[in-house]
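Enquirer:
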Amino acid sequence: MNVPFFRYEFDPEALAAIEECLRSGWLTTGPKTKEFEKRFAEAVSNGETIHAVAVNSCTAALHLALEAVGVKRGDLVVVPTMTFAATAEVVRYFDAIPVFVDADPVTLSLSTLHLEEVMKTIADGGKVPGPVTRGRRLRAVIPVHYGGRPCDLGKVNVLAARYGCDVIEDAAHAFPAAFSENGSLKKIGGGTSRITCFSFYANKTITTGEGGMATTTEPLLAERMRLMSLHGMDRDPWNRYAKSGTWDYRLVAPGFKYNLTDIASAIGLSQLEKAERFRAARQAIAERYDRFFADLEEIETPPRSDDVVDAHHLYVIKLRPAAMAIDRARFIEEMRARGVVCSVHWRPLHMHPYYVETYGYAPGDYPQAAAAWERIVSLPLFPSMTEEEIEVVITAVQEVVRRFRSKGR
Ligand SMILES: *Cc1c(COP(=O)(O)O)cnc(C)c1O
591 MNVPFFRYEF
601 DPEALAAIEE
611 CLRSGWLTTG
621 PKTKEFEKRF
631 AEAVSNGETI
641 HAVAVNSCTA
651 ALHLALEAVG
661 VKRGDLVVVP
671 TMTFAATAEV
681 VRYFDAIPVF
691 VDADPVTLSL
701 STLHLEEVMK
711 TIADGGKVPG
721 PVTRGRRLRA
731 VIPVHYGGRP
741 CDLGKVNVLA
751 ARYGCDVIED
761 AAHAFPAAFS
771 ENGSLKKIGG
781 GTSRITCFSF
791 YANKTITTGE
801 GGMATTTEPL
811 LAERMRLMSL
821 HGMDRDPWNR
831 YAKSGTWDYR
841 LVAPGFKYNL
851 TDIASAIGLS
861 QLEKAERFRA
871 ARQAIAERYD
881 RFFADLEEIE
891 TPPRSDDVVD
901 AHHLYVIKLR
911 PAAMAIDRAR
921 FIEEMRARGV
931 VCSVHWRPLH
941 MHPYYVETYG
951 YAPGDYPQAA
961 AAWERIVSLP
971 LFPSMTEEEI
981 EVVITAVQEV
991 VRRFRSKGR
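Heads up: take any position in the sequence shown, counting from 1, add 590, and you land on the working numbering.
(1) For residue 681, collect the residues of the same chain with a Cβ closer than 6 Å to its Cβ; drop the 5 residues on either side in sequence, then sort them by chain order.
(2) By Cβ distance, which residues of its chain are closer than 8 Å to residue 617, with the 5 residues on each side in sequence left out?
(3) What are the partner residues of residue 775, as DSSP defines its beta bridges?
(4) DSSP has residue 759 in a bridge; who is on the other side?
(5) Using CA coordinates, which residue listed in 977, 699, 786 and 837 is at the minimum distance from residue 938?
(6) Any idea if residue 837 is buried or exposed, counting beta-carbon neighbours within 10 angstroms, 16 or more meaning buried?
(7) At which residue ranges does the segment 880-927 contain complete alpha helix (DSSP H) runs of 4 or more residues, listed in the order of the chain?
(8) Can you grab the Cα-Cα spacing for the pair residue 692 / residue 609, in whole Å?
(9) Excluding five sequence neighbours on each side, which residues of the same chain lie with their C-beta closer than 8 Å to the C-beta of residue 957?
(10) Helix, strand or coil for residue 690, going by three-state DSSP, please let me know.
(11) Between which two residues does the beta strand (DSSP E) carrying residue 805 extend?
(12) With C-beta atoms as the reference, is residue 723 less than 7 Å away from residue 712?
(13) According to DSSP, is residue 849 helix, strand or coil?
(14) May I ask you to check if the CB of residue 760 is nearer than 6 Å to at least one heavy atom of ligand 1?
(15) Look up residue 973 in the DSSP assignment and give the residues it is bridged to.
(16) Ignore the nearest five residues each way along the sequence and tell me which others in residue 659's own chain have a CB closer than 8 Å to its CB.
(17) May I ask you to list the residues that DSSP assigns as paired with residue 700?
(18) Cβ atoms of residue 661 and residue 684: under 7 Å apart, would you say?
(19) Would you report the Cα separation of residue 776 and residue 997, rounded to the nearest angstrom?
(20) Could you name each continuous alpha helix (DSSP H) segment of 4 residues or more that falls completely within the segment 598-655, going from the start of the chain to the end?
(21) Under 8 Å, with one C-beta from each stretch per pair, do the segment 973-986 and the segment 907-919 reach the 3-pair mark?
(22) Tell me, please, which residues DSSP counts as bridged to residue 941.
(23) Going by beta carbon distance, what residues of the same chain come within less than 6 Å of residue 695, once the five residues before and after it are set aside?
(24) If we call anything under 7 Å between Cβ atoms a contact, is residue 888 one with residue 995?
(25) Hey, residue 654 and residue 818 are a contact pair by Cβ (cut 8 Å); roughly how many whole angstroms apart?
(26) Please work out which residues of its chain come closer than 7 Å, Cβ to Cβ, to residue 622, disregarding the five sequence neighbours upstream and downstream, and give them in chain order.
(27) Skipping 5 residues on each side, what residues in its chain have a beta carbon closer than 6 Å to that of residue 1004?
(28) Would you call residue 752 buried or exposed, if buried means 16 or more other Cβ atoms sit within 10 Å of its Cβ?
(29) Taking its Cβ as the centre, do 16 or more other Cβ atoms sit within 10 Å of residue 708, making it buried, or is it exposed?
(30) At the level of alpha carbons, what is the spacing between residue 800 and residue 861?
(31) What three-state label does DSSP hand residue 996 in the structure shown?
(32) Hey, could you find the ends of the beta strand (DSSP E) residue 814 is sitting in?
(33) One question on the structure: do residue 633 and residue 642 come within less than 7 Å of each other, judged by their Cβ atoms?
(34) What ranges does the beta strand (DSSP E) occupy inside the segment 704-763, keeping only unbroken runs of at least 3 residues that lie completely in it?
(35) DSSP state of residue 957, grouped into three classes?
(36) If I'm right that residue 866 touches residue 766 with Cβ under 8 Å, what's the distance once you round it to whole angstroms?
Following this line, the structure appears as structure tokens:
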């Protein structure tokens, strides 16, 4: 039996919603998208009114978010090195400069200790690894909730306030997720930073095939992102083509083409209703993995805490190199030989050719991320996993670990 890394669960309600959309004759951004935005905003709200802007990817949401808070050429934007390409590439879209921060060795989200050190060094005109930061303005920081577990946003927000920059969350993994603050739960995206960006890519916790959402409590930021998501037109086509709409519009900025289609939003609405069920299913599988792997000293399981609601997008184990006779690449091969497809999230950005060539990074510039990269393996984790598939994964991990433990221990 083969277990894929991810499998989309066929959703008959989504199919019905797509059909309704096709029959309505309105395919692009329109009523379904408006409804998806409204419902998503309600789903992440912590009481305040949330403005949600639907776009065609999380990458687009991040780009629009940086534009809305005023990132300009030459500005500095702090980004974890342990993240996906999108988090830093959007900074480069402005010819602004990503400044990397190391990973927390346990959670693999950004280390707030290192964040503080980097921010202080920049403020003092000192030298950080990579780009020259002296004389440049620190404009924003983009924390990532690694694997769906909320990072220490409280600390990130405090540091950002101290050093006068904005926080934009890359919450591509973190819907639905929450953390406890002063005894109550705060949902990610409900005003947890100036703008929170979500992904509905095919294998994310909810999907529209391709898609994303930016949420904020600030109407002006939402308005700017909406404007820039559609060519910088001062009214969107839904209003233009509605009966009450007008044929005329004005271009007020050179915008982008990032709007989400109603076909995608129809899928999104259906997924949104299932989001809590999906999360519970992911959590149940993650808890089983935790239980079965607890006695395997050769691997470290993901951190757990009652202070967070984890979206469980990923299940990442860390191999203990001294305890294993094989490396991570061989571990993945051995899993594959037992029918289990694994993945790795991610090679740190400072170890990719583009960033090495552009800013001159060495792997040791971010020692925690570089060390974690050698050890991490993402196991299959998706709501439609069958009982048999879960058992195949557990057995494969147990077998590979037992067979390849270091001798002489
Ligand atoms: C998937 C992902 C993105 C990009 O999402 P898209 O919707 O594909 O643009 C951004 N950041 C992280 C951390 C991701 O995992």
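Every residue gets a Cβ at the ideal spot worked out from N, C-alpha and C, and that includes glycine.
Expert: By the coordinates alone:
(1) 667 and 688
(2) 611, 851, 852 and 853
(3) 770
(4) 786
(5) 699
(6) exposed
(7) 918-927
(8) 46 Å
(9) 692
(10) strand
(11) 802-806
(12) yes
(13) strand
(14) yes
(15) Beta-bridge pairing links residue 973 to no other residue.
(16) 729, 730, 756, 758, 784, 785 and 811
(17) 693
(18) yes
(19) 47 Å
(20) 602-614 and 621-634
(21) no
(22) The partner list for residue 941 (beta bridge, DSSP) is empty, contrary to what the question assumes.
(23) 958
(24) yes
(25) 5 Å
(26) 611, 852, 855, 856 and 859
(27) Because the chain is modelled from 591 through 999, residue 1004 falls outside the range shown and cannot be assessed.
(28) exposed
(29) buried
(30) 13 Å
(31) coil
(32) Premise fails: residue 814 lies in the alpha helix (DSSP H), 809-819, not in any beta strand (DSSP E).
(33) no
(34) 728-731 and 756-760
(35) helix
(36) 7 Å
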